[in-house]
Amino acid sequence: MTRERTKYHPELGDNTGEKNARSLESIMTFLRQEVHSEKMVVSSRTGFAANQATRKKEYAPAPQNETNGDQATAAALTNIQKSKWICETKLIIWDGEPMTHVHAFIAVHRLLQDLTNCSLPFGGNVILLGGDFRHVLPVVWKGSRSLTVASCLKTHNLWSKFIKLNLVKNMRVLKIEKEFSNWLLEVSEGKSGDTVMLPDVCYPTEQSPFKQLYGDLNFSTVMPQELTDRAILTVTNDACILINIRY
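Position 36, counted from 1, in the sequence shown is what the UniProt record's numbering calls 36; the numbers after and before it change by one each time, with no gaps.
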């Protein structure tokens with residue numbers, strides 16, 4: 001499969017982490033034409049790329065974040081017909097992997113082992129993950145940075161069972177915008193030290209973004225509806241905490 005990927009789709013290489021629904025479409029088209037298989041399941045935490053790349057009947061919602069892998073395994077897919085359908089599936093595509101809690105993967109891993117009576121990872125089923133670790137990681141309620149990182153699949157030994165493939169060509173960007181795209185990647189990786197000066201129009205009357213957005217509110221009597229269209233975006237949680245402490 002890797003050899004055919006290189007032959008027909010050379011843009012799928014080993015360098016960056018850009019994710020695109022076209023990759024899923026290419027893989028599924030290849031399997032239908034070359035392997036003559038229609039039994040594929042596409043699942044996603046958000047459903048965005050998965051819904052774009054597959055017909056509705058092939059789409060299955062990703063398991064929700066679980067606090068206990070054993071409980072998740074016991075509760076998932078007990079229906080015999082669905083179990084048979086899963087066992088006959090030739091490929092399971094799981095999009096949005098970085099945003100999914102590791103316990104969800106453990107639950108599916110153990111469930112497939114039970115259904116297939118096979119001790120191989122995921123019961124020997126072919127699992128294709130998709131995602132970009134530059135995106136949001138699994139949300140851990142009141143969790144620290146270490147707990148958030150620990151909730152990722154990368155921290156589990158299952159991660160070592162996967163073959164890693166990276167996209168080297170951003171299919172969403174025009175050639176004239178390639179430089180801007182590369183700059184965004186450098187910013188996300190902390191490689192760009194350039195300072196960007198925002199124009200004055202961003203703060204027409206007040207240099208403090210907090211006062212600009214919330215200066216007319218009385219927080220002792222404020223209603224939730226008054227906050228729905230106001231927000232301050234921060235790069236890190238530390239910056240968010242600093243703003244909350246300062247104001």
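Here a beta-carbon is modelled for each residue, glycine too, at the ideal position from N, C-alpha and C.
All values reported here derive from a predicted model rather than from experimental measurement.
1. Should P121 and K161 be called a contact, given that it needs their Cβ atoms to be closer than 7 angstroms?
2. Apply the 10 Å Cβ neighbour rule to A107 and answer buried if 16 or more other Cβ atoms are within range, or exposed otherwise.
3. Please name the residue in L167, T148, G123, G130 whose C-alpha comes closest to that of residue 259.
4. Over the uninterrupted beta strand (DSSP E) stretch that includes D95, give me the two end residues.
5. Pairs of beta-carbons, one from the stretch 126 to 135 and one from the stretch 89 to 101, closer than 8 angstroms: are there three or more?
6. Measure the C-alpha to C-alpha separation of I232 and I243 and round it to an integer number of angstroms.
7. So what does DSSP say about I176, is it helix, strand or coil?
8. Express the C-alpha separation of F105 and P138 in angstroms, rounding to a whole number.
9. Please report how far the alpha carbon of D229 lies from the alpha carbon of Y214, in whole angstroms.
10. Taking just the CA atoms, how far does M223 sit from R55?
11. Please give me, in chain order, every unbroken run of the alpha helix (DSSP H) with length at least 4 that falls completely inside the stretch 202 to 241.
12. Using only CA atoms, which one of L91, S83, K82, W85 lies nearest to T29?
13. When the Cα atoms are used, what is the spatial distance from K169 to K178?
14. Quick check: the Cα distance between P209 and E226, rounded to an integer number of angstroms?
15. For C240, count neighbouring C-beta atoms within 10 Å of its own C-beta (all shown protein chains included) and say buried if the count is 16 or more, exposed if not.
16. Measure the alpha-carbon distance for L185 versus L198 and round it to whole angstroms.
17. To the nearest angstrom, how far is the alpha carbon of K124 from that of W94?
18. To the nearest angstrom, how far is the alpha carbon of T221 from that of K154?
19. I'd like to know whether the C-beta atoms of S83 and L112 end up nearer to each other than 7 angstroms.
20. Using 10 angstroms around the beta-carbon of S151, count the other beta-carbons present and answer buried if the total reaches 16, otherwise exposed.
21. By the three-class DSSP mapping on this structure, what secondary structure does I245 have?
22. Count the other C-beta atoms from every protein chain shown that fall within 10 angstroms of the C-beta of L217, then say buried if there are 16 or more, exposed otherwise.
23. Classify L167: buried if its beta carbon has 16 or more other beta carbons within 10 angstroms, exposed otherwise.
24. Locate the beta strand (DSSP E) running through I127, then write down its first and last residues.
25. Quick one: Cα of I86 to Cα of R110, how far?
26. Quick one: using the 10 Å Cβ neighbour count with 16 as the cut-off for buried, is G96 buried or exposed?
Taking the structure as given:
1. Locating residue 121 in the sequence shown gives position 121, where the first residue counts as 1. Locating residue 161 in the sequence shown gives position 161, where the first residue counts as 1. Yes, the pair counts as a contact, with Cβ atoms nearer than the cut-off.
2. Mapped onto the sequence shown, residue 107 falls at position 107. A107 is buried by the Cβ-count criterion.
3. Residue 259 lies beyond the range of the chain shown here (1 to 247); nothing can be said about it.
4. Here residue 95 refers to the residue found at position 95 when the sequence shown is read from its first residue. 91 to 95 is the span of the beta strand (DSSP E), which, as asked, contains D95.
5. Enough Cβ pairs lie closer than 8 angstroms, so yes.
6. Reading the sequence shown from its first residue, position 232 is the one you call residue 232. Reading the sequence shown from its first residue, position 243 is the one you call residue 243. One Cα belongs to I232, the other to I243, and the distance between them is close to 9 angstroms.
7. Position 176 of the sequence shown holds residue 176. Helix, per DSSP.
8. To locate residue 138, count along the sequence shown from 1; it is residue 138. To locate residue 105, count along the sequence shown from 1; it is residue 105. Looking at the two C-alpha atoms, the distance is approximately 12 angstroms.
9. Here residue 229 is taken as the residue at index 229 of the sequence shown, counted from 1. Here residue 214 is taken as the residue at index 214 of the sequence shown, counted from 1. Between D229 and Y214, the C-alpha separation is close to 11 angstroms.
10. For this step, residue 55 is matched to residue 55 along the sequence shown. For this step, residue 223 is matched to residue 223 along the sequence shown. Residue confidence for R55 is low, a pLDDT of 45 falling below 50, so the modelled location carries little weight; the figure read from the coordinates is stated next. Using only the alpha carbons, I get a separation of about 43 angstroms.
11. For the stretch 202 to 241, whole alpha helix (DSSP H) runs of length 4 or above, ordered along the chain, are 209 to 214.
12. Residue mapping note: residue 29 aligns to position 29 of the sequence shown, counting from 1. Nearest neighbour of T29 by Cα position, chosen from L91, S83, K82, W85, turns out to be L91.
13. By one-based count along the sequence shown, residue 169 stands at place 169. By one-based count along the sequence shown, residue 178 stands at place 178. If you take the alpha carbons of K169 and K178, they lie about 10 angstroms apart.
14. Here residue 209 refers to the residue found at position 209 when the sequence shown is read from its first residue. Here residue 226 refers to the residue found at position 226 when the sequence shown is read from its first residue. If I take the Cα positions, the gap works out to 17 angstroms.
15. Residue numbering aside, residue 240 sits at position 240 when the sequence shown is read from its first letter. When all chains shown are included, C240 counts as exposed.
16. For the purposes of this step, residue 185 is taken as the residue at position 185 of the sequence shown. For the purposes of this step, residue 198 is taken as the residue at position 198 of the sequence shown. The straight-line gap from Cα to Cα measures roughly 20 angstroms.
17. Here residue 124 corresponds to residue number 124 of the sequence shown, with the count starting at 1. Here residue 94 corresponds to residue number 94 of the sequence shown, with the count starting at 1. It is worth fixing the name first, because residue 124 is Gly in this sequence and not Lys. Going by the C-alpha atoms only, they are around 16 angstroms apart.
18. The residue you call residue 221 lines up with position 221 of the sequence shown. The residue you call residue 154 lines up with position 154 of the sequence shown. Just so you know, the alpha carbons of T221 and K154 end up roughly 45 angstroms apart.
19. As a first step, residue 83 is located in the sequence shown; it is residue number 83 there, counting from the start. As a first step, residue 112 is located in the sequence shown; it is residue number 112 there, counting from the start. Against a cut-off of 7 angstroms, the Cβ pair of L112 and S83 comes out as no contact.
20. Position 151 of the sequence shown, counted from the first residue, corresponds to residue 151. S151 should be labelled buried.
21. The count along the sequence shown starts at 1 and reaches residue 245 at position 245. Here I245 sits in helix by DSSP.
22. For the purposes of this step, residue 217 is taken as residue 217 along the sequence shown, with counting starting at 1. Residue burial is scored here from C-beta neighbours: L217 has fewer than 16 other C-beta atoms within 10 angstroms and is therefore classed as exposed.
23. Locating residue 167 in the sequence shown gives position 167, where the first residue counts as 1. Buried, since its Cβ has 16 or more Cβ neighbours within 10 Å.
24. Position 127 of the sequence shown, counted from the start, is the residue given in the question as residue 127. That run of the beta strand (DSSP E) goes 127 to 130.
25. In the sequence shown, residue 86 corresponds to position 86, counting from 1. In the sequence shown, residue 110 corresponds to position 110, counting from 1. Answer to the nearest angstrom: the Cα atoms are 13 angstroms apart.
26. In the sequence shown, residue 96 corresponds to position 96, counting from 1. Here G96 is buried: its Cβ has 16 or more other Cβ atoms, across all protein chains shown, within 10 Å.
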